[in-house]
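Notes follow once the structure below has been shown.
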Amino acid sequence: MSKIEINKLTNANVYMNGINLLGRAEEVQLPQIKHKMAEHKALGMIGSAEFFAGIDKLECKIKWNALYPAVMSICSNPFLATMIQVRANLETYNGTGRTKEVPATAFLIGTFKEFPLGNIKPHENAEYETTMSVTYAKLVVDGVEIFEIDVLENIYKVGGVDMLSKFKKNTGA
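For the sequence shown, the numbering used here gives the first residue as 6, with consecutive numbering after it.
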């Protein structure tokens with residue numbers, strides 16, 4: 006039996022507010038979780054160190070393969086939060102071929118901050134890329150929650166464990 010397992014995620018589908026947008030999104034750039042780090046340096050230390058100080062802003066970009074008026078009407082309202090789901094099929098391979106397929110789903114909530122009128126060129130499909138400011142992100146793979154972040158509700162969970170439980174207790178939050 007092969008010891009090497011390789012995961013491949015090569016396709017997905019986008020849902021906006023529960024509406025299936027199969028075949029309409031060309032590319033999705035999910036948020037990058039970037040930890041803000043605070044530097045600590047003091048007399049007597051041989052060097053400096055960095056420690057967790059929060060999470061940087063989250064963004065999602067979606068490149069649409071055409072102009073979809075229903076999508077653009079949602080993207081053009083900066084006062085309405087939008088729920089996005091990106092549902093994918095995560096495949097695992099080893100020396101014998103594909104050994105399993107499991108669902109991988111990213112859940113996002115945010116408001117769109119950029120929506121294009123499009124790049125139009127002769128004899129080429131027009132391009133439309135929207136940018137969403139994300140306040141909620143969760144990743145679930147095969148029914149297991151990998152992480153959940155909600156910046157407005159002060160939630161940060163990794164593997165179902167609340168990373169802020171002591172902070173909330175200590176601050177009375």
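Built from N, CA and C at the ideal position, the CB exists for glycine as well. These numbers were taken from a predicted model, which means no experiment stands behind them.
query, result
"Under a Cβ-count criterion, where at least 16 other Cβ atoms within 10 Å of its own Cβ denotes burial, should LEU113 be classed as buried or exposed?", "buried"
"Do the CB positions of ALA43 and TRP69 come within less than 8 Å of each other?", "no"
"Where does the unbroken alpha helix (DSSP H) through SER138 begin, and where does it stop?", "Counting along the chain, SER138 falls outside any alpha helix (DSSP H), though it belongs to the beta strand (DSSP E) covering 133 to 146."
"What residue range is occupied by the uninterrupted beta strand (DSSP E) comprising PRO83?", "Counting along the chain, PRO83 falls outside any beta strand (DSSP E), and DSSP gives it neither H nor E."
"What does DSSP give as the partner residues of GLY100 in its beta bridges?", "Looking at the DSSP assignment, GLY100 forms no beta bridge with any residue, so it has no partner."
"What are the boundary residues of the alpha helix (DSSP H) that PHE172 is part of?", "170 to 176"
"Select from GLY115, LEU95, PRO74 the residue whose C-alpha is nearest the C-alpha of LEU63.", "GLY115"
"Could you pull out every residue in the same chain whose Cβ sits closer than 6 Å to the Cβ of GLU55, ignoring the five residues on either side in sequence?", "MET42, GLU44"
"Are three or more beta carbon pairs between the region 122 to 131 and the region 139 to 149 nearer than 8 Å?", "no"
"Would you mind sorting VAL76 into buried or exposed? The rule is 16 or more other CB atoms within 10 Å of its CB.", "buried"
"Can you tell me where the beta strand (DSSP E) holding GLU32 begins and where it ends?", "30 to 34"
"I need the DSSP call for PRO74, collapsed to helix, strand or coil.", "helix"
"So VAL19 and ILE67 are supposed to be a Cβ contact under 8 Å. How far apart are they, rounded?", "7 Å"
"Below 7 Å CB to CB, which residues in the same chain sit around LEU14 once its five sequence neighbours on both sides are set aside?", "ALA93, LEU95, ALA109"
"Span of the beta strand (DSSP E) holding VAL149?", "149 to 155"
"Could you check whether ASP147 and VAL91 sit closer than 8 Å to each other, using their CB atoms as the reference points?", "no"
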